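Protein chains in written order, with the numbering used here: chain A, 667 to 872; chain B, 667 to 872. Idealized CB from N, CA, C, for every residue including glycine. These numbers were taken from a predicted model, which means no experiment stands behind them. Written below as structure tokens is the structure these notes are about.
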DNA sequence: CGATGCATACCGACTGGTCGGTCTGGCGTC
DNA sequence: GACGCCAGACCGACCAGTCGGTATGCATCG
């Protein structure tokens, strides 16, 4: 176990875990080292500073979540709206276990560092909005397919879905209970269904 | 100026301002003192510790926001659904100015302290869910008046609205731009309109 | 009325612990 | 034998909290 040469990855994984639970500022370098089973020497061998690690951790997060969502089953349905709804279902289904396990690293960090660490904030933003952007093609396809020409854009709905999720995580942290988060995701799903189902939104209505 | 005897209030006001911008952990006691134009001695005369101040600041926040929303104009409309939609409009209209000015103190703090300070977390939760609860009567009245019997509860929609707002604030912090936040509030409003307008949700549909 | 005493409000130098970051030395591997 | 990788003692800045002190009411009594 704990082979040499993988300390860097283990530090990054540890950082994700610890920062997601404690937050960024409250996380000490030694907490991450302890979680990774590594010493400070190793930490500062791989990273110039704590902030440097944070940047790397966000990059690592983007890479991990990118793969995770790319391979998730929600892309299967043939219908684009079904894919979108399957995405929402999938997001709901992974709200499971410990808070740190389903919560978003970059959303958590953004709150703490948006004023003080512009570079880090931009990296967090790239993660959130990059992920949101992956939803746009399906939203746009669904709009075309259903003949809808609304006063909102695919991009704004994609961003809104991320807002709902981020907000749901906050409520979950406030209560210590996943239920309230799932509930909000249900509302998001209902919203999307209504957006595409409502006769008032259809081009072809009388 | 800066009469004696109001240091405590000035410290609380300063705490709201500084914590909303920097976050809780990154805020030093001396930052709050400087903002309040008061010294450390005064701080620790009024508060046992930084955590003690945090608790008092949340209580102060609950009191301030309680009065602010109670006196806001959105209660004017006679129709309960109109009141609810006016609330959403109002929330959108106050997303203005500096990020710290429209952002939520307790949402920010929750993220940082939910694991480490249970008492503080409960106080934050009380603020969020207490505010959400003020929306329930109007939601319920609107449901009755429009003859809607949906599969969601007034409480859950009230909580969802808070989730959207909290999430919108995160996106605003990530981009440094209010626009994304307002956009999400627009989606929330559209959702509520659809919920009450959709024939699929009506009791009296064929 | 002034003096005396006491409580509350406030000040700011200081302390003691904490934590990011450094440095020296060692171990394995090519 | 040099170089990447790591260990952990150590340093120094920083900061929550302390402590001895001063200032300002506000009673009560002679």
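**OP:** Say whether the segment 770-779 of chain B touches the segment 712-729 of chain B, bearing in mind that this needs 3 or more beta-carbon pairs closer than 8 Å, one atom from each stretch.
**Re:** yes
**OP:** Alpha carbon to alpha carbon, how far is residue 693 of chain B from residue 672 of chain B? Give it in angstroms, no decimals.
**Re:** Spanning the alpha carbons of residue 672 of chain B and residue 693 of chain B requires a straight line of approximately 22 Å.
Original post:
Is there a Cβ from chain A that is less than 8 Å from the Cβ of residue 853 of chain B?
Top reply: yes
**OP:** Determine whether the Cβ of residue 689 of chain A lies closer than 8 Å to any Cβ atom of chain B.
**Re:** Using a CB distance cut-off of 8 Å, residue 689 of chain A counts as an interface residue toward chain B.
Original post:
Is any beta-carbon of chain A found at less than 8 Å from that of residue 846 of chain B?
Top reply: yes
**OP:** Give the interface partners of residue 780 of chain A over in chain B, defined as CB-CB distance under 8 Å, in chain order.
**Re:** In chain order, 765, 839, 840, 842 make up the part of chain B whose C-beta sits under 8 Å from the C-beta of residue 780 of chain A.
Original post:
Within the 8 Å Cβ cut-off, does residue 699 of chain A reach chain B?
Top reply: no
Original post:
Taking C-alpha atoms, which residue in A/699, A/841, A/858, A/836 lies nearest to residue 816 of chain A?
Top reply: Of the listed residues, the one whose Cα sits closest to residue 816 of chain A is A/858.
Original post:
Going along the chain, which residues of its own chain have a beta-carbon closer than 8 Å to the beta-carbon of residue 837 of chain A, five neighbours each way excluded?
Top reply: 846, 847, 850
Original post:
residue 707 of chain A versus chain B: which residues are under 7 Å apart at the beta carbon?
Top reply: What residue 707 of chain A touches in chain B: nothing, since even the nearest Cβ is about 26 Å away.
Subject >> Partners in chain B for residue 761 of chain A, counting only beta-carbon separations shorter than 9 Å >> reply: In chain order: nothing, as chain B lies at least about 12 Å away.
Original post:
Beta carbon of residue 804 of chain B, beta carbon of residue 749 of chain B: below 8 Å?
Top reply: yes
Subject >> residue 839 of chain B burial status per 10 Å Cβ neighbour count (16 or more: buried) >> reply: So residue 839 of chain B ends up on the buried side.
**OP:** Would you identify the three-state DSSP class for residue 760 of chain A, choosing helix, strand or coil?
**Re:** Residue 760 of chain A: coil per DSSP, three-state reduction.
**OP:** Could you confirm whether any beta carbon from chain A is found closer than 8 Å to the beta carbon of residue 715 of chain B?
**Re:** Residue 715 of chain B does not count as touching chain A.
Original post:
Residues of chain B with a CB under 7 Å from the CB of residue 773 of chain A: which are they?
Top reply: 836
**OP:** Would you mind stating whether residue 826 of chain A and residue 826 of chain B have Cβ atoms separated by less than 8 Å?
**Re:** Not closer than 8 Å, so no.
Original post:
Apart from the five residues on each side of it in sequence, which residues of its chain come closer than 8 Å, Cβ to Cβ, to residue 676 of chain A?
Top reply: Listed in chain order, the non-local C-beta contacts of residue 676 of chain A below 8 Å within the same chain comprise 668, 702, 703, 704, local neighbours out to five positions each way being set aside.
**OP:** Go ahead and pull the three-state DSSP assignment for residue 713 of chain B.
**Re:** Here residue 713 of chain B sits in coil by DSSP.
**OP:** Verify the CB distance criterion: does residue 823 of chain B have a CB-CB separation below 8 Å to chain A?
**Re:** yes
Original post:
For the segment 792-824 of chain B, which residues have a CB atom closer than 8 Å to at least one CB atom of chain A, in sequence order?
Top reply: Across the segment 792-824 of chain B, CB contacts with chain A closer than 8 Å involve 794, 795, 818, 822, 823, in sequence order along the chain.
**OP:** Determine the closest residue to residue 808 of chain A out of A/679, A/842, A/746, with distance taken between C-alpha atoms.
**Re:** A/746
Subject >> Per-residue contacts from residue 831 of chain B into chain A (C-beta, under 8 Å) >> reply: 833
Subject >> Backbone CA spacing between residue 810 of chain A and residue 755 of chain B [nearest angstrom] >> reply: 30 Å
Subject >> is_contact[residue 776 of chain B, chain A] using C-beta, thresh 8 Å >> reply: So, interface residue.
Original post:
Got a sec: is the Cβ-Cβ distance from residue 787 of chain A to anything in chain B below 8 Å?
Top reply: yes
Original post:
Taking the alpha carbon of residue 738 of chain B as the point to measure from, which residue in B/726, B/758, B/833 has its own alpha carbon closest?
Top reply: B/758
Original post:
The alpha helix (DSSP H) spanning residue 857 of chain B covers which residue range?
Top reply: Start and end: 845-863.
**OP:** Kindly indicate if chain B contains any beta-carbon less than 8 Å away from that of residue 849 of chain A.
**Re:** yes
**OP:** Name the two residues that bound the continuous alpha helix (DSSP H) containing residue 804 of chain B.
**Re:** 802-812
Original post:
Around the Cβ of residue 761 of chain A, are there at least 16 other Cβ atoms within 10 angstroms (buried) or fewer (exposed)?
Top reply: buried
Original post:
From which residue to which residue does the alpha helix (DSSP H) around residue 739 of chain A run?
Top reply: According to the DSSP assignment, residue 739 of chain A belongs to no alpha helix (DSSP H), since it is labelled neither H nor E.
Original post:
Residues in its own chain within less than 8 Å of residue 798 of chain A by CB, not counting five upstream and five downstream?
Top reply: 821, 824, 825, 827, 828
Subject >> Secondary structure of residue 877 of chain A, DSSP reduced to three states >> reply: Nothing about residue 877 of chain A can be read from this structure; chain A reaches only from 667 to 872.
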